[in-house]
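Just so you know, the numbering used here puts 153 at position 149 of the sequence shown, and the rest follows in order with no gaps.
Beta carbons: idealized from backbone N, C-alpha and C, even for Gly.
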Amino acid sequence: MTDDLIETAPGANTEPPVLLLQGTGGTNTEMLNFGRRLAPQSPLITIAGRSGVGAQRQYFQQTAAGPVDPQQLMTESTWLCEKIKIICTHHHWDVNQLITVGYSNGAAIAAYAIRTGILPGKRALLFHPLWLAVPQNEQLTDYQVWLSAGQRDPLVSVATVEQVAADCRKSGATTTVYQTGGSHMLTPQEVLAAKEWLSENN
């Protein structure tokens, strides 16, 4: 089943590979198209989550009914990071230059993996990430994180995104938080801002 969750798209081996982590109900095709807009020349990797039901895939079970399972977070983030390393090695892509792009549920698991020190790479773009507790914030070197928040987002507040950013800074990362006047859906302005940040921090 796990092979069905993974898709890649070729790019220049001299460019950093981009990992794309979707929100609940997203698809690999959507994420590959999104990744190509952000990084036209880069190899792309998208890995869907192993949790959820049917097309509503998630990296961790996220419901209003109860708390997130900390063991599931560690298990799934470790699985993701091991898969990334295997894929990059197979394609001769430089995993140390990995750029991670996540949205909502995918952004939350990415932030968790960054703060626990298990996610390779030096840059991440996190769109509307939920905050997750980590066992311990590991210290990072030269890690850069761009985050976005919608002022009318009913699912992930600006304060929540600011908390994620603050915890990334506690781990030694530099952060940029971009606010939109929108809701949970991505706006053209924040996608453009993300692309500009990426080109300025290459």
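Coarse secondary structure for residue i, derived from DSSP in three states
| i | result |
| --- | --- |
| T79 | helix |
| M5 | Any reading at M5 needs caution, since the residue's pLDDT is 41, under 50, leaving its predicted position unreliable; the model's value is listed next. In the structure shown, M5 sits in coil (DSSP, three-state: anything other than H, G, I, E or B). |
| A137 | coil |
| G56 | strand |
| Q122 | For clarity, residue 122 is Ile in the given sequence; the question names Gln instead. Coil, per DSSP. |
| Y116 | helix |
| V72 | coil |
| Q101 | helix |
Rounded straight-line distance, which links the Cα of residue j to that of residue i
| i | j | result |
| --- | --- | --- |
| Q183 | E200 | 15 angstroms |
| S152 | S108 | 10 angstroms |
| A169 | L196 | 20 angstroms |
| T104 | Y147 | 11 angstroms |
| E19 | P44 | 10 angstroms |
| L77 | P124 | 17 angstroms |
| N32 | P47 | 14 angstroms |
| L102 | P21 | 5 angstroms |
Whether residue i touches residue j by CB criterion (8 angstroms)
| i | j | result |
| --- | --- | --- |
| V72 | I88 | no |
| A112 | L134 | yes |
| R127 | N17 | no |
| G142 | R119 | Looking at the sequence itself, residue 142 is Glu, so the reference to Gly does not match. Yes. |
| I49 | L84 | no |
| E86 | R54 | no |
Contacts around residue i, its chain only, beta-carbon distance under 6 angstroms, and the 5 residues preceding and following it disregarded
| i | result |
| --- | --- |
| C172 | V149, T179 |
| A115 | L130, P133, V168 |
| Q65 | S55 |
7 angstroms CB neighbourhood of residue i in its chain, flanking five on each side removed
| i | result |
| --- | --- |
| G110 | L25, Q26, G27, Y63 |
| M5 | Reliability of the predicted coordinates at M5 is poor, the pLDDT of 41 falling under 50, and no value is obtained from them. |
Nonlocal neighbours in the same chain, by C-beta distance under 8 angstroms from residue i, ignoring five residues either side
| i | result |
| --- | --- |
| S203 | none |
| H188 | S108, H132, G154, D157, P158, L159, V160 |
beta-carbon residue i near the ligand ZN non-hydrogen atom, thresh 7 angstroms
| i | result |
| --- | --- |
| L130 | Within the structure as shown, the ligand ZN is missing, as the structure has no ligands at all. |
Minimum length 4: unbroken alpha helix (DSSP H) runs contained in the stretch 13-45
32-42
- Message: To test your reading of the DSSP string, which unbroken beta strand (DSSP E) runs of 3 or more residues are found completely within the stretch 131-198?
- Response: 148-154, 178-184
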